[in-house]
Structures are given as structure tokens and as C-alpha cells.
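Participant: Before anything else, here's the structure in question.
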Amino acid sequence: MRDAPAPASSERPAFGPIVVGTDLSVGSDELLRTAAHVAARSATPLHVVHAIDMVPGTGTYDEAVGRAERLLDEQIRAVVPAGVEVHRHVESSPPDRVIIDWAERTNSGLIVVGPHVRRAGPAGLLGSTAEWVLGEAKAPCLVVRAPVVAPASHVAAAVDPAHTLAPVLDAAIQWALLFSDAGGGGGAATVSALYVTSDRHGDPPPALDEALRLALARADVGNRLTAQLAVRGTDVVQSILLFAEVEAVDLLVLSTRNRGVVGRALLGSVSSEVTRRAPCNVLLIPPAAE
Numbered sequence: 001m002r003d004a005p006a007p008a009s010s011e012r013p014a015f016g017p018i019v020v021g022t023d024l025s026v027g028s029d030e031l032l033r034t035a036a037h038v039a040a041r042s043a044t045p046l047h048v049v050h051a052i053d054m055v056p057g058t059g060t061y062d063e064a065v066g067r068a069e070r071l072l073d074e075q076i077r078a079v080v081p082a083g084v085e086v087h088r089h090v091e092s093s094p095p096d097r098v099i100i101d102w103a104e105r106t107n108s109g110l111i112v113v114g115p116h117v118r119r120a121g122p123a124g125l126l127g128s129t130a131e132w133v134l135g136e137a138k139a140p141c142l143v144v145r146a147p148v149v150a151p152a153s154h155v156a157a158a159v160d161p162a163h164t165l166a167p168v169l170d171a172a173i174q175w176a177l178l179f180s181d182a183g184g185g186g187g188a189a190t191v192s193a194l195y196v197t198s199d200r201h202g203d204p205p206p207a208l209d210e211a212l213r214l215a216l217a218r219a220d221v222g223n224r225l226t227a228q229l230a231v232r233g234t235d236v237v238q239s240i241l242l243f244a245e246v247e248a249v250d251l252l253v254l255s256t257r258n259r260g261v262v263g264r265a266l267l268g269s270v271s272s273e274v275t276r277r278a279p280c281n282v283l284l285i286p287p288a289a290e
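Sequence positions in the sequence shown follow full-length UniProt numbering and run 1 to 290.
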């Protein structure tokens, strides 16, 4: 275990504890590196989990666990910076189940997953492990497509006034504050509350304006970031993706509210499409967090 550093600012909120899964491949290094970055910034524990697949003729269970632990320790030493409190866990279960179980055991505040795109499937599909984790998780999930941008420049919360607004707006503001550099000589990050409507020239609904005002007050933002309402239309998915690309968004935050429409272990239509096609990292807020 590595001692956690003090946060860079006492005003910074934390995401945590953080849970991340690894298959011990070089490809999972960036995922672990990103999770460690968020953990260091949040001064929160990082739980790294690995699921072993017992193959007949490869030794006993204890031997398999020992090999996996040695490889996991090597990956952690190579990727995770000193100063991060790390706990590693190796189990023989399906990868998605191991990740979800440890997220529940640790009362995780964030699960970090990769897109794990299926090479043999249609373009843009999430892999089965990521899909199941995102569908089952009770904690917010960060889908990593690129290194975390620090200092943050632009965080966008795609919101629907018909659903609960506070958790999505709170998470966007929390992230922007955590990765901002307003006090270090850099400019303040921008948080956009993005509303997609059939009338893109109309005004945002009063409920959204009030929800954003209250979220900023809860975080006691002051002058540490700027906030704005953005209206786009008319296709929800395309509007969110285009906004993220044109406005150089570092992180998209949205709810998985409607996931039940397509099945318990699948994301809702909007969150699923955006997550699969986003040009940036995506933070998904599940119903349990609303």
C-alpha cells in the first residue's frame, strides 16, 4: 500500500474510493494510469482488481493467484505513481462481477473502465465487460478514451429537465473543480449544462437554470470556474457529440437514467450511443447515484 498524498488544494472535492479492473496487458496500462491520476488528485484509495481464468493443466488455484499477484504488482509499480494508496485484489470470477463486487465492498465513488471495443463486432460497440459494468454499477463510471486533461478546460453535462438534474450537474462541477488550475495561474474551467430541444433557438427551461444555480451554490464555486447554459437541437445524440467535438470538451457527464428501456445490463439509448461514439472521456451517473 502506498500512502496517499494530500490534495493539491484543500478545497478540492474527491471521487473515491476508486475501483479499476485490469487484464494485465500493456493495453490496460493507460486505464490504470488514468485511475491513478484521479486517485492522486482526489487523495483517495485506489483498488485495482484482476479476474483470473483457471485453465486446466496450468497449476493449482493458489499458484494461479500467486502468478497474477506478481504480474499485478509489476504493473502497479510501473504505472501508478508513488504517493497513491493502492490495494490490489485477485479473484476467480467473471471480470465484470469482480469489478462490481469490489465497488460495492468499498462503497466506491468511481469505477474506471475502458471502452474495450470488440474487434470482431460492429464498429463502436462496447465490449461485454464494460457493457455489463456500466449497466450494473451503482457508482458513477468513467469510460476512458484518452488521458485525463489537467488542468481541465471544458466539462459538459448533458441534461434532461424531465429527469433528476442535481447528480449530473454536481458531478460535472466536482470534476471541473478537481482538475481546474484557476488558482495556479491557469484559466478557470468552464462547465456547460447542455440541453437538447426541438427548438434550438428557444430559451433553456427555468428548471435547468435554477438547477445549475443551486449546484454552483452547493459546491461553493465562487470564481473557481465559469458556468453556462447551452441549447442545441434537434437530434439528441448527434447534438451532444457535435457539441463535445466543436467545443473541445474534456469530459462529458450524463445519466444512464433510461437504461431499463433496453435491458437491465445495457445502457439507455442516448447514454449508450454517446458513450460508444464520444470523442472524449465520459462520466456516467447511474440511477442509484441520483
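Think of the CB as a built atom: it goes at the ideal place given N, C-alpha and C, for glycine as much as any other residue.
All values reported here derive from a predicted model rather than from experimental measurement.
Going by beta carbon distance, what residues of the same chain come within less than 8 Å of ASP170, once the five residues before and after it are set aside?
Facilitator: ALA215, ARG218 and ALA219
Participant: Could you pull the start and end residues of the beta strand (DSSP E) that GLU91 belongs to?
Facilitator: 86-91
Participant: Provide the residue span of the beta strand (DSSP E) that contains GLY66, from first to last.
Facilitator: Here GLY66 belongs to no beta strand (DSSP E); instead the alpha helix (DSSP H) covers 61-79.
Participant: Using a Cβ-Cβ cutoff of less than 8 Å, which residues in the same chain neighbour VAL274 once the five nearest sequence positions on both sides are dropped?
Facilitator: ALA158, VAL237, ILE240, LEU241, LEU252, LEU254 and VAL282
Participant: What is the DSSP secondary structure of THR190, reduced to helix, strand or coil?
Facilitator: strand
Participant: Look up GLN228 in the DSSP assignment and give the residues it is bridged to.
Facilitator: SER192
Participant: Please report the distance separating the alpha-carbon of GLU104 from that of GLY202.
Facilitator: 42 Å
Participant: Between the C-alpha atoms of GLN228 and GLU30, what's the straight-line distance to the nearest angstrom?
Facilitator: 32 Å
Participant: Between the alpha carbons of HIS87 and LEU46, how many angstroms are there, rounded?
Facilitator: 6 Å
Participant: In its own chain, which residues sit with a C-beta less than 6 Å from the C-beta of VAL249, not counting the 5 before and 5 after it?
Facilitator: HIS154, ALA156 and CYS280
Participant: Leaving out the 5 sequence neighbours to the left and right, which residues in its chain are closer than 6 Å to LEU165 when beta-carbon positions are compared?
Facilitator: These residues qualify, in order along the chain: VAL159 and ALA211.
Participant: Output needed for ALA40: all residues of its chain with C-beta closer than 7 Å, excluding positions within five of it in sequence on either side, in chain order.
Facilitator: PRO5, PRO81, GLY83 and VAL84
Participant: Got a sec? Which residues, its chain only, sit under 6 Å from VAL148 by beta carbon, not counting five neighbours each side?
Facilitator: THR34 and HIS37
Participant: Thinking just about the alpha-carbon of each residue, which of SER271, GLU245 and GLY27 is nearest to the one in VAL79?
Facilitator: When only C-alpha atoms are compared, the closest one is GLY27.
Participant: Give the C-beta separation of ILE111 and CYS141 to the nearest angstrom, bearing in mind that I take them to be a contact with Cβ-Cβ under 8 Å.
Facilitator: 5 Å
Participant: Kindly identify the DSSP beta-bridge partner or partners of CYS141.
Facilitator: ILE111 and LEU284
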